[in-house]
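Chemist: Numbering (our numbering), first residue to last: 24 to 529. In this text, a Cβ means the ideal position worked out from N, Cα and C, and glycines have one as well. The structure under discussion is supplied below as C-alpha cells; questions concerning it will follow.
This is the structure in C-alpha cells:
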C-alpha cells in the first residue's frame with residue numbers, strides 16, 4: 024500500500040499529511056477519509072481527469088484514500104498531486120519505493136497541469152520538518168518555496184513531468200534560493216513633501232526608530248493620513264527571517280500572486296473602518312489571517328479610529344501585549360502572528376474641529392465626551408505617543424518649496440543608526456533583535472537608564488496626571504529611543520521632557 028506525503032494548512036502553519044491509497048476488488052468507487060473538506064473531496068474528479076490526460080488509466084476498482092492524521096480537518100487543493108501519485112503507485116505505474124522521502128504539493132488541472140497553491144511556503148516547511156529529503160512544487164510557487172531552507176525543492180509544470188522523474192528518472196529544475204535585498208516600497212511621497220508639521224514629523228522619526236505606537240489627532244485635512252502613510256519610508260528593511268515570516272502569512276492568506284510572489288518590503292495595512300471583526304482579527308472557515316496578521320513585521324494603520332468596531336478595538340489590547348492572536352474553536356486552536364507597529368488617526372470630536380485654531384467646533388461638551396468615549400482608557404494607555412496635528416496655514420503652503428525639508432532618506436539614516444544601537448544593547452542582555460518599544464516591563468529601568476533628573480520629571484508627571492505604571496514605562500521607552508537618536512548613553516531630562524510632550528494626557 025503506497026504512502027506519499029503531502030501537506031494541508033492549519034491557520035498559517037503547514038501540517039504534513041500522509042496519503043495512503045488502497046485498491047480493492049469491489050465496485051468502482053472512490054472514498055476519501057480523514058476529515059476532508061469540500062475542496063479535498065472534489066479532488067477525485069480533478070485527479071481522474073489529470074491521470075487520463077497524461078496517458079495513464081484511473082483504476083477501475085474501489086479506491087480508498089486515507090489522509091492521516093485523521094483528527095485534523097484537511098482543506099485546500101494542495102493534496103491533488105500527492106493523491107494522484109498515490110493512486111498511480113497503487114495501480115502499479117511505478118514502484119512505491121520511489122516515494123520514500125518525497126513530499127508533493129500542487130493542484131491539478133483537468134489536463135494535468137500543475138496550478139499554484141495557497142500556502143506553498145508553510146506546506147514546504149512542514150514537509151521538510153516531517154523528514155522529506157526532496158519536495159516537488161508547482162513552477163508558479165517557485166519564488167516563495169525558495170525561501171525555505173533544508174530539503175532540495177524541485178519544480179514541475181504538470182503531472183507528466185512528475186511521473187517522468189519518478190518512472191524514468193528525468194531531472195526536474197531546482198528552485199533557486201530567493202534573493203533577499205532591500206526593496207523599498209513604491210511610494211511617490213516623501214517626507215520632504217510635507218510642509219510644516221515639525222512636531223508630527225519628529226514623532227514619526229521617533230516611532231520608526233523605536234517601533235512605537237502612534238496616535239495622530241487633529242482636524243479633518245490636517246495631514247494625519249498623509250503623515251501615517253509616510254512611516255514605511257522611514258523603516259529599516261525586512262531581515263531575511265522577517266521576510267520569510269511575512270511571506271508565510273501572506274501565502275496562507277492567499278495574498279501572493281503576480282508581481283508579489285514574496286514579501287520583500289515591510290507590510291503596510293490600512294483596513295477601512297467598516298472592516299468586520301473577522302476581517303480585522305482573522306477567522307472564517309477555514310480560519311485565515313486577518314489584517315493584524317498581514318501587518319506582522321510591518322505597520323497597521325487604522326484611520327478614523329473611533330469608527331471601528333468597539334469589540335475589535337478592545338481585542339487589540341491583548342494582541343498588542345502578546346504579539347499574536349489565538350482563535351479557539353471547538354475542534355482546534357489557531358495561532359496567528361501579529362507583531363506590528365500600530366499607527367492610528369482620529370478626529371478630536373464628531374465634527375472634527377474641537378480645539379481647532381481655524382474653525383469653531385459645532386459639538387457640545389456631551390457630544391465631544393461621547394465621541395471620545397468610543398476609545399477606552401485601557402486601549403489608549405497602550406499607545407506610546409499621542410500627537411496633535413494642527414492644520415498648516417495656507418501662506419506656508421502656497422508656492423513654498425520644500426527644498427529645505429529633510430527627505431525620508433535622511434531621516435531613515437538616523438533611524439537605522441538608532442536601531443543599530445538598540446540591537447547591540449538588547450542583544451547584550453539576551454533580548455534578541457527587538458526594539459525599545461518591546462523591552463520587557465521587568466527590564467525597563469535597567470535598559471532605559473534614566474538619570475535622577477529624568478526620573479523626577481517622570482514621577483512628577485505620573486503624580487500630576489494620574490498616569491498608570493504601563494504609561495510610565497511606555498514614556499521611558501520613548502525617552503530611550505530619543506536618547507538613542509542622540510547617541511546618548513543615558514536618558515536625561517531633555518529626552519524625557521520630549522517624550523512627555525508626545526503624550527496629550529501629560
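Would you mind listing the beta strand (DSSP E) stretches within the stretch 497 to 529 that are 3+ residues and don't spill past its ends, in chain order?
Modeler: DSSP runs (the beta strand (DSSP E)) wholly in the stretch 497 to 529: none.
Chemist: Pick from 243, 232, 257: whose alpha carbon is nearest that of residue 213?
Modeler: For the residues 243, 232, 257, the minimum Cα distance to residue 213 belongs to 257.
Chemist: Using 8 Å as the threshold, is the C-beta distance between residue 122 and residue 104 below it?
Modeler: Taking 8 Å as the Cβ cut-off, residue 122 and residue 104 do not qualify as a contacting pair.
Chemist: Would you tell me roughly how many angstroms separate the C-alpha atoms of residue 37 and residue 56, rounded to the nearest one?
Modeler: Those two C-alpha atoms are separated by around 19 Å.
Chemist: Suppose you measure from the CA of residue 445 to the CA of residue 361; what does that come to, to the nearest Å?
Modeler: One C-alpha to the other measures close to 22 Å.
Chemist: Taking only the alpha-carbon atoms, compute the straight-line gap between residue 151 and residue 159 and give it to the nearest angstrom.
Modeler: Approximately 11 Å between the Cα atoms of the pair.
Chemist: Run through the stretch 82 to 132 for me and flag every whole alpha helix (DSSP H) of 4 or more residues, listed as ranges in chain order.
Modeler: Whole alpha helix (DSSP H) segments, 4+ residues: 103 to 113.
Chemist: Just curious, the beta strand (DSSP E) that residue 47 is in, first and last residue?
Modeler: Segment 36 to 47, the beta strand (DSSP E) holding residue 47.
Chemist: Are the Cβ atoms of residue 270 and residue 350 separated by less than 8 Å?
Modeler: Contact flag unset, no.
Chemist: Going by the CB atoms, is the gap between residue 233 and residue 501 shorter than 8 Å?
Modeler: Contact flag set, yes.
Chemist: Please classify residue 377: does DSSP put it in a helix, a strand, or coil?
Modeler: Residue 377 falls in the coil class under three-state DSSP.
Chemist: Please state whether the Cβ-Cβ distance between residue 29 and residue 102 is less than 8 Å.
Modeler: Yes.
Chemist: If you check the beta carbons only, do residue 177 and residue 197 fall under 8 Å apart?
Modeler: Yes, the Cβ-Cβ distance between residue 177 and residue 197 is below 8 Å.
Chemist: Could I get the ranges of all uninterrupted alpha helix (DSSP H) runs contained in the stretch 260 to 318, with 4 residues as the minimum, in chain order?
Modeler: 263 to 275, 300 to 304, 314 to 317, all fully within the stretch 260 to 318.
Chemist: Where does residue 381 land, buried or exposed, given buried means 16+ other C-beta within 10 angstroms?
Modeler: That one is exposed.
Chemist: Would you mind stating whether residue 305 and residue 348 have Cβ atoms separated by less than 8 Å?
Modeler: Contact flag set, yes.
Chemist: State the beta-bridge partners of residue 364 as determined by DSSP.
Modeler: Answer is 322, bridged to residue 364.
Chemist: On the criterion of 16 or more Cβ atoms from any shown chain inside 10 Å, does residue 417 qualify as buried, or is it exposed?
Modeler: Per the 10 Å Cβ criterion, exposed.
Chemist: Round the Cβ separation of residue 42 and residue 88 to the nearest angstrom and send it over; I've been treating them as touching at under 8 Å.
Modeler: Going by Cβ atoms, the distance from residue 42 to residue 88 rounds to 7 Å, so yes, they are a contact pair.
Chemist: One question on the structure: do residue 35 and residue 342 come within less than 8 Å of each other, judged by their Cβ atoms?
Modeler: Against a cut-off of 8 Å, the Cβ pair of residue 342 and residue 35 comes out as no contact.
Chemist: Do three or more CB pairs link the stretch 287 to 299 to the stretch 468 to 483 at distances below 8 Å?
Modeler: No: the two stretches stay apart, fewer than three of their Cβ pairs being nearer than 8 Å.
Chemist: Start and end of the beta strand (DSSP E) containing residue 30?
Modeler: 26 to 33 is the span of the beta strand (DSSP E), which, as asked, contains residue 30.
Chemist: Does DSSP classify residue 195 as helix, strand or coil?
Modeler: In the structure shown, residue 195 sits in coil (DSSP, three-state: anything other than H, G, I, E or B).
Chemist: Exposed or buried, which one is residue 333 when buried takes at least 16 other CB atoms within 10 Å?
Modeler: Exposed.
Chemist: Name, in chain order, the residues that DSSP records as bridge partners for residue 349.
Modeler: 358.
Chemist: If you draw a straight line from the C-alpha of residue 451 to the C-alpha of residue 217, how long is it?
Modeler: For residue 451 and residue 217, the distance between alpha carbons rounds to 38 Å.
Chemist: My output table needs one value for residue 238: the three-state DSSP class, helix, strand or coil.
Modeler: DSSP places residue 238 in strand when its eight states are reduced to three.
Chemist: In the structure shown, what three-state DSSP assignment does residue 227 receive?
Modeler: The answer is helix: DSSP assigns residue 227 an H, G or I state.
Chemist: In the structure shown, what three-state DSSP assignment does residue 401 receive?
Modeler: Residue 401 falls in the helix class under three-state DSSP.
Chemist: Return the CA-CA distance between residue 356 and residue 215, expressed in angstroms with no decimal places.
Modeler: Their backbone Cα atoms lie some 47 Å apart in a straight line.
Chemist: Please determine, among 31, 45, 439, the residue with the shortest C-alpha to C-alpha distance to residue 62.
Modeler: For the residues 31, 45, 439, the minimum Cα distance to residue 62 belongs to 31.
Chemist: Nearest to residue 371 by CA position, among 106, 240, 67, is which residue?
Modeler: It is 240 whose Cα lies nearest to the Cα of residue 371.
Chemist: The beta strand (DSSP E) with residue 541 in it runs from where to where?
Modeler: The question about residue 541 has no answer here: the residues shown for the chain are numbered 24 through 529.
Chemist: Give the single residue among 193, 170, 173, 171 whose Cα lies nearest to the Cα of residue 179.
Modeler: Closest by alpha carbon: 193.
Chemist: Tell me the DSSP bridge mates of residue 59?
Modeler: DSSP, once it has assigned bridges, lists 97 as partnering residue 59.
Chemist: Return the chain-ordered list of same chain residues with a C-beta closer than 7 Å to the C-beta of residue 48, the five sequence neighbours on each side being excluded.
Modeler: Excluding positions up to five away in sequence, the list reads 84.
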